[in-house]
Amino acid sequence: MNIRKADKTDIPFIVNAIVEIESFSGTNTFNKLFGTDTETTKNYLERFLNDDENFDTEFSLNTYTVVEFDNQRAACCSIFFTDSFYYQSKSELFAIHLEKNHLDHFIKNAKSLPDNKKLSSNKFFIEYIFVHKAFRGQRIAGKLIDYQISKVTVEKVYINVLENNENAFNAYKKLGFKEYKKVKVNQDGNRIYPTDNKNILIKKIN
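Throughout, the numbering used here is defined as the position within the sequence shown, counted from one, plus 315.
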């Protein structure tokens, strides 16, 4: 097993990972947020990750780590810190790369979502933890998460899990994560996410 920093050759794998995760429960969150079909969403994600001036968000290549077995990509995930630079970088990224109609659609939807920024700010989050189906059952996710944590000097890390994703919720609890907060992610009348709530999980690092 080889764990390494992601590079541009990994972008198609990472994009497919993000789309598969966001398509949980048969819906694609980004399709709804941007008003796009899946191929257009993938195109945008590729643009984000290929942007050499895009750093330190879940859409930035520099935050990703990849696991390989025999030169085959098996898993990936991102770790980032949600400071003011993080939120500024994301807003600029969307403004640069989204077509006007999709940007307008995103802004309208973003304004309708609950504001969880205060709760999520100034924390290290691990996101888009993905293991290819051919490599599942080998405890790769735990090793990858531990590796990501080892790269930062931090006392706590966090993971977002949608309320209806019980398998992920239980898997992260086995890795030492505990419930921190449950927050609303949908507003009444505008369902972007397949469930109305998400759980923020926390792991304290000794």
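Just so it is clear, CB atoms sit at the ideal spot from N, CA and C, and this is done for glycine as well.
Whole angstroms are fine: how far does the CA of residue j sit from the CA of residue i?
i	j	result
lysine 522	proline 509	Residue 522 lies beyond the range of the chain shown here (316 to 521); nothing can be said about it.
glutamate 361	lysine 458	26 Å
threonine 344	asparagine 479	14 Å
asparagine 386	glycine 504	46 Å
tyrosine 401	threonine 372	6 Å
phenylalanine 492	isoleucine 460	11 Å
lysine 438	serine 399	11 Å
arginine 506	tyrosine 379	29 Å
glycine 452	glutamate 494	24 Å
tyrosine 487	arginine 454	11 Å
phenylalanine 445	alanine 390	5 Å
phenylalanine 370	alanine 449	30 Å
lysine 432	arginine 388	33 Å
phenylalanine 349	histidine 420	6 Å
aspartate 511	tyrosine 462	31 Å
lysine 466	lysine 426	34 Å
glutamine 502	phenylalanine 384	42 Å
isoleucine 474	serine 393	11 Å
histidine 447	asparagine 424	31 Å
glutamate 481	isoleucine 326	28 Å
serine 404	asparagine 377	13 Å
phenylalanine 363	isoleucine 422	17 Å
leucine 516	threonine 355	31 Å
Kindly list the residues whose CB is nearer than 8 Å to the CB of residue i, restricted to its own chain and excluding five residues on each side of it in sequence; keep chain order.
i	result
isoleucine 520	Ile464, Val469, Glu470, Lys471 and Val472
proline 429	Val498, Lys499, Val500, Asn501 and Gln502
tyrosine 359	Phe345, Phe349, Thr351, His412, Leu413 and His417
Tell me the DSSP bridge mates of residue i?
i	result
glutamine 502	Asn505
lysine 497	Asn514
isoleucine 441	Ile394
arginine 319	Val381
leucine 477	Lys513
lysine 489	Answer is none; lysine 489 lacks a bridge partner.
lysine 519	Lys471
valine 446	Ala390
Starting from the C-beta of residue i, find all residues in its chain whose C-beta is less than 6 Å away, skip the five residues before and the five after it, and write them out in chain order.
i	result
threonine 342	Pro509
lysine 518	Val472, Gly491 and Phe492
Give me, in chain order, the residues of the same chain whose beta-carbon lies closer than 7 Å to that of residue i; leave out the 5 immediate sequence neighbours on both sides.
i	result
alanine 410	Leu418
lysine 357	Val330 and Val334
asparagine 514	Val476, Glu478, Phe484, Glu494 and Lys497
Whole-angstrom Cβ separation of residue i and residue j, contact assumed at under 8 Å?
i	j	result
asparagine 365	lysine 320	So it is not a contact: roughly 16 Å between Cβ atoms.
leucine 564	phenylalanine 374	Summary: the structure shown does not reach residue 564, with the chain confined to residues 316 through 521, and so no result is reported for it.
phenylalanine 395	phenylalanine 440	6 Å
methionine 316	valine 382	6 Å
serine 435	threonine 397	6 Å
tyrosine 443	isoleucine 318	With a Cβ gap of about 16 Å, tyrosine 443 and isoleucine 318 do not count as contacting.
Determine, for residue i, whether the minimum Cβ-Cβ distance to residues of chain C falls below 8 Å.
i	result
isoleucine 394	Of the chains in the structure shown, none is chain C; there is only one protein chain.
Whole beta strand (DSSP E) runs in the stretch 367-437 with 3 or more residues, listed along the chain? 379-384 and 387-396
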